[in-house]
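Notes to accompany the following structure.
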Amino acid sequence: MDAILTTITEFWTEAVKIWGQGGWAMTAIAIIALVMFSVGMNIWLKLRQTGYRRVDEATWRRWIDHPDEREGPIGKMIEQVTEAPTLADSQMLFEQLRQTEVQPFERDLRVMKVCVSAAPLVGLLGTVTGMLSTFGALSSGSGGDKTMTLVAAGISEALVTTETGLVIALPGLFFQYQLRRGFESYKAYVAHLETICTQTLYRQLRRGKKTNVRRVAQHKIAEALHRALQANPHFNPGS
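Following my numbering from start to finish, the sequence shown increments by one per residue and tops out at 881.
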C-alpha cells in the first residue's frame with residue numbers, strides 16, 4: 643500500500659512539474675480536454691439511456707399494435723408517434739421527435755469535433771510561443787547560466803505543449819469515432835421506426851376508410867329501400 647501511495651505521489655509531483663513547464667497553453671488545453679470528455683460522456687450516457695439496443699424490431703413491432711405492452715424510452719417514443727390521427731400529424735410528430743432526440747446528439751458531436759481539432763492547435767501555438775521565448779533568450783542573453791535556463795524553459799514549453807495537445811486529441815478522436823458510430827446506429831433505428839409506424843398507420847387508415855365507405859353505402863341503400871317502401875307499400879326488393 644505504501645509503495646502504491648509513493649508511486650502516486652511521485653507521478654503527481656512529476657505531472658505538476660511538467661504542467662508548470664508548459665506555460666499558459668496548458669490551461670487552455672486542460673479546459674478543452676474537460677469540455678471534450680464531459681460532452682463525450684454525456685453523449686455516451688444518453689445513448690445508453692435510450693435503450694434502443696435492447697429492444698429489437700420484433701418487440702417494437704408488437705408494441706405498435708399492443709399499447710399496453712410498451713415500456714422504457716422506446717415504448718414512450720412509440721406512444722408519442724402512434725397517437726397521430728393522420729399521416730401528416732405522424733410526420734409532424736416524428737419531426738418533433740428528431741428535434742428532441744437526434745439533434746442534441748449532432749450538436750454535442752460537433753462540439754467534440756471542435757475540441758479534438760483545437761487541442762493540437764493550441765499545443766502548436768504553445769510550441770510557437772516557446773520557440774519565441776527561446777530565440778528571445780538567445781538574442782538578449784550573454785551566454786551564461788541564466789541564458790541557458792531561459793533557453794531550456796522555452797524548449798520545454800515548446801515540447802510539452804505539443805505533446806499534451808496530441809495526448810488529449812488522439813484519445814478524443816477515437817472516443818468521438820465510437821460515439822459517432824453509436825449515434826448513426828441510433829439515428830438509423832429511429833428512421834426505421836418511423837418507416838414502420840408510418841406504414842402501419844397508413845394500413846389502419848385504409849382499413850378505416852374502406853369500412854366507412856361500406857357503412858355509407860349500406861346506409862344509402864337502406865334509405866333508398868325505405869323511400870321505396872313508403873312510396874309503394876307493395877314494393878318487393880327481390881322482384
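Each residue gets a CB set at the ideal place from its N, CA and C atoms; glycine is no exception.
By DSSP, does residue i sit in helix, in strand, or in coil?
{"i": "G665", "result": "coil"}
{"i": "I646", "result": "helix"}
{"i": "G717", "result": "helix"}
{"i": "D698", "result": "coil"}
{"i": "G693", "result": "coil"}
{"i": "V744", "result": "coil"}
Would you report the Cα separation of residue i and residue j, rounded to the nearest angstrom?
{"i": "T649", "j": "G768", "result": "29 Å"}
{"i": "T886", "j": "L763", "result": "Because the chain in this structure spans residues 643 to 881, residue 886 falls outside the shown range and cannot be described."}
{"i": "Y882", "j": "M754", "result": "There is simply no residue 882 to check, as the chain begins at 643 and stops at 881 in what is shown."}
{"i": "I797", "j": "T803", "result": "10 Å"}
{"i": "A672", "j": "V809", "result": "11 Å"}
{"i": "R696", "j": "A667", "result": "44 Å"}
{"i": "F679", "j": "D698", "result": "30 Å"}
{"i": "T840", "j": "K718", "result": "17 Å"}
{"i": "F825", "j": "R749", "result": "12 Å"}
{"i": "V681", "j": "L647", "result": "31 Å"}
{"i": "A811", "j": "K688", "result": "23 Å"}
{"i": "R700", "j": "I838", "result": "Checking the sequence shown, residue 700 turns out to be Ala, not Arg. Cα to Cα, the separation comes out at about 11 Å."}
{"i": "S781", "j": "M773", "result": "12 Å"}
{"i": "T669", "j": "V677", "result": "12 Å"}
{"i": "Q733", "j": "V756", "result": "33 Å"}
{"i": "T651", "j": "T791", "result": "27 Å"}
{"i": "H834", "j": "R704", "result": "15 Å"}
{"i": "A645", "j": "P715", "result": "47 Å"}
{"i": "R823", "j": "F816", "result": "11 Å"}
So residue i and residue j are supposed to be a Cβ contact under 8 Å. How far apart are they, rounded?
{"i": "A761", "j": "I685", "result": "Their Cβ separation, rounded to whole angstroms, is 18 Å, which puts A761 and I685 out of contact at 8 Å."}
{"i": "V744", "j": "K829", "result": "6 Å"}
{"i": "F747", "j": "E836", "result": "Contact doesn't hold; Cβ gap of about 16 Å is too wide."}
{"i": "L751", "j": "Q818", "result": "7 Å"}
{"i": "G765", "j": "G807", "result": "2 Å"}
{"i": "E805", "j": "G665", "result": "13 Å between Cβ atoms; not a contact."}
Thinking C-alpha only, which one of the options is nearest residue i?
{"i": "T742", "options": "V832, I838, L766, C839", "result": "V832"}
{"i": "L821", "options": "P715, R690, Q738", "result": "R690"}
{"i": "S775", "options": "L801, C757, D750, V756", "result": "L801"}
{"i": "S827", "options": "T692, A700, G807", "result": "T692"}
Of all the CB atoms in chain B, is at least one closer than 8 Å to the CB of residue i?
{"i": "G665", "result": "Among the protein chains of the structure shown there is no chain B, as only one such chain exists."}
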